[in-house]
Amino acid sequence: MNAEQTEALRHLLASQPVAALATLHRGDPAVSMVPYALLPDGRVIIHVSALATHTADMKAHPAVALMVTSPATPEVSPLALPRLSMRGQAAPCPPDAPEHADARAAYLARLPDAEPLFSFADFSLLLITVDSARWVGGFAQAQSLTGRQFVAALGTAGA
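Residue numbering for the sequence shown follows this note's numbering, starting at 21 and increasing by one per position.
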């Protein structure tokens, strides 16, 4: 990725706190919405309720996909919207995990309104390790990234 595309990817992740989350639900694809944050190592942090079907889906099948996109505007064709699709593996991050404090802090730094949800017994953190990503910086500006390339593009600009 060139410097301009890297900066655009970082800007997208820093400015858009919500991702579409794709899971496998009873053998069929399912999509939902999740607020997210990032750890400096590129793992995606989500805070989910055990009551949500996507949580059960991730426990049964940890392979997931996420998509973050710029909002549509009248000035920009939907075909040219910057977007990032990520594929990875979701894993629980229980309170006794070494990274739990950092994950919680990063999540709340980004989403302070979520703080009361940490007192709910049915909510827990999950970390998604990105195995690969597809960056589309605009029309005819697409490229695939390995997990390592994704982390390198983030630099120290975790969202």
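Glycine included, every Cβ here is placed at the ideal spot set by N, Cα and C.
Per DSSP, the unbroken alpha helix (DSSP H) holding Q169 starts and ends at G167 to L174. Every beta strand (DSSP E) stretch that sits fully inside the region 42-87 and reaches 3 residues is listed by chain position as 48-55 and 64-69.
DSSP places T149 in no alpha helix (DSSP H) but in the uninterrupted beta strand (DSSP E) bounded by F143 to V156.
Scanning L71, A28 and D133 for the CA closest to the CA of T89 turns up A28. Between V150 and F170, the gap from beta carbon to beta carbon is short of 7 angstroms.
In this chain, the alpha helix (DSSP H) harbouring S35 covers A23 to S35. Under a 10 Å Cβ-count criterion, M53 is classified as exposed, with fewer than 16 other Cβ atoms of the shown protein chains found around its own Cβ.
Sequence-distant Cβ neighbours of A125 in its own chain, meaning closer than 8 angstroms and more than five residues away, do not exist here.
The three-state secondary structure of P91, taken from DSSP, is coil. Taking C-alpha positions only, A23 is separated from L41 by approximately 28 angstroms. For L104, the enclosing beta strand (DSSP E) has its first and last residue at R103 to P112. Shown here, A117 sits in coil according to DSSP, grouped into three states, outside any helix or strand. Shown here, S97 sits in coil according to DSSP, grouped into three states, outside any helix or strand. A126 carries a helical assignment under DSSP once its states are collapsed to helix, strand and coil.
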